[in-house]
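Notes follow the structure.
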Amino acid sequence: MKGRPIAFLVTAVGAVSVLLCGIFRKEIAEVLINGALL
Amino acid sequence: MRILPRRISQGLGTVLPNAWLPGFLTASLYQGPMKSVCTPLLNCYACPSALLSCPIGTLQHFAAGGNVSWYAVGTLSVVGASVGRMTCGTLCPFGALQDLLYKFRGWKASLPNWTRYLRYAVLAGLVFVIPYLTRESWFSKLCPVGTLMGGLPWVTMNAGVRSMVRSLFWVKIAILLFFVTASTMVKRPFCRAVCPLGAIFSLFNKSSFLQLAWDPDTCTKCGKCQVICPVDIRPDRNPTDPDCLRCLDCTRCPSLKLTTVFHRQPFGGTAAPATSARVL
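Respectively, the protein sequence lines represent chains A and B. The numbering of the first sequence is my numbering, which starts it at 1 and goes up by one. The numbering of the second sequence is my numbering, which starts it at 1001 and goes up by one.
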């Protein structure tokens, strides 16, 4: 049980890092084009 | 008749991501900036009224191009780290449909335990590996949500699309009918056995910010939590079950409560959390 807050913090930091990585790689434009021009 | 609060949230989860009504009137897709946002729901972005993008469709699109969509993975990871599978239980339109279909009276059955591992195979195979190898989005081609929200409206509205109907469309219809029929007999068969989005979110259930807490001091092991659970699990037997949708239906029992990962004494006990209250 004691490790669970640490696991959450590690997961949250990892998740935000992956999201920022995707944003900096300018993937949003490709997601927009893929979603709009199916 | 008592309406569960999550029926309201499921209604909002169905209506709000599909609020582009001109799409149905003009038989066209929404192409505005909101399509760059991946919804944390299995909501088909080929639906004429869809405002947001499907995360599974996005992952497949990138896999088919030999890439990984860090944006989609990150979006889903942030949601998963925050609430675990809660979006499946409280917002997902197809989950809501399965919940309602199970209310039909008639013969009921339970799903074999091994089927819960199928969704991980679907995630790895149909969302990543096969699209990478074939350059085609194979989960989207077979997805019953896509058939219901995208395929059927387009075939109904557009003669050009209707003329392109081939055998694959009837395979998709058969898959949709299979899950609609199965949902009247089994609790949420698609979510538990097939949904790749549920497979992703279930990886976060143990470490998400929101948690469900169970109090063994007041629990009588009556099993009513399993009866009302939309995925047929017992919170007292497997406190960190990846199948748990965090729908909070079981919190009608005073032995179960929504808490956070930092709140280690949600029932106000003084003993160590491992003995006084276990976090689901």
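Glycine included, every Cβ here is placed at the ideal spot set by N, Cα and C. All values derive from a computational prediction rather than experimental measurement.
- Residues of chain A with a Cβ closer than 7 Å to the Cβ of V1261 (chain B) are, in chain order, R4, P5, F8.
- For S1255 (chain B), no Cβ of chain A is located within less than 9 Å of the residue's own Cβ.
- Residue state for W1154 (chain B) is assigned as helix, using DSSP reduced to three classes.
- Annotation for A1072 (chain B): C1038, P1055, T1058, L1059 place their beta carbon closer than 6 Å to its own, counting only its chain and skipping 5 residues before and after.
- G1146 (chain B) sits buried, since 16 or more C-beta atoms from the chains shown fall within 10 Å of its C-beta.
- Counting the other CB atoms within 10 Å of its CB gives V13 (chain A) a total below 16, which places it among the exposed residues.
- Taken through DSSP and simplified to helix, strand or coil, C1038 (chain B) comes out as strand.
- Boundaries of the beta strand (DSSP E) harbouring W1214 (chain B): 1210-1214, taken from the DSSP string.
- Between the stretch 1036-1050 of chain B and the stretch 1124-1131 of chain B there are fewer than three C-beta pairs closer than 8 Å, too few to call the two in contact.
- Under the three-state reduction of DSSP output, K1141 (chain B) falls in the helix class.
- In this structure, V10 (chain A) and G1074 (chain B) do not form a Cβ contact; the two beta carbons are roughly 15 Å apart against a cut-off of 8 Å.
- Nearest CB-CB separation between Y1117 (chain B) and chain A: not below the 9 Å threshold.
- Around the CB of T1026 (chain B), fewer than 16 other CB atoms lie within 10 Å, so the residue is classed as exposed.
- A Cβ-Cβ separation of about 6 Å places R1085 (chain B) in contact with R1246 (chain B) under the 8 Å criterion.
- For D1241 (chain B) and L1012 (chain B), the gap between their C-alpha atoms comes out near 27 Å.
- When only Cα atoms are considered, A1159 (chain B) and V1165 (chain B) end up about 10 Å apart.
- Nearest C-alpha to F1262 (chain B) among B:S1208, B:D1232, B:L1248, B:R1237: B:S1208.
- Separation of L1258 (chain B) and T1251 (chain B) (C-alpha to C-alpha, rounded to the nearest whole angstrom) is 7 Å.
- Per the DSSP secondary-structure output, T1218 (chain B) pairs with nothing in a beta bridge.
- When rounded, the separation of the alpha-carbon atoms in L1142 (chain B) and D1215 (chain B) is 42 Å.
- Minimum Cα-Cα distance from K1103 (chain B) among the listed residues B:N1018, B:V1180, B:G1198 corresponds to B:V1180.
- For K1257 (chain B), there is no enclosing alpha helix (DSSP H); the enclosing beta strand (DSSP E) covers residues 1256-1260.
- The shortest C-alpha to C-alpha distance from G3 (chain A) to any of B:S1137, B:K1206, B:C1253 is the one to B:K1206.
- S1069 (chain B) sits in coil when the DSSP states are folded into three classes, being neither helix nor strand.
- Taking all protein chains in view, the Cβ of D1249 (chain B) is crowded by 16 or more other Cβ atoms within 10 Å, so the residue is classified as buried.
- Here S1082 (chain B) carries a helix assignment [DSSP, helix/strand/coil].
- No residue range can be given for C1247 (chain B), since it is assigned to no alpha helix (DSSP H) and is classified by DSSP as neither H nor E.
- For F1209 (chain B), a Cβ of chain A is located within less than 9 Å of the residue's own Cβ.
- For T1184 (chain B), no alpha helix (DSSP H) encloses it, and the DSSP letter there is neither H nor E.
- Bounds of the alpha helix (DSSP H) holding P5 (chain A) are 3-24.
- Neighbours of Q1031 (chain B) in chain A, taken as residues whose beta carbon is under 7 Å from its own, are A36 in chain order.
- Contact annotation, R1119 (chain B) with P1196 (chain B): C-beta distance approximately 6 Å; criterion of less than 8 Å satisfied.
- Apart from the 5 residues on each side of it in sequence, A1050 (chain B) sits with its Cβ closer than 6 Å to the Cβ of N1018 in its chain, given in chain order.
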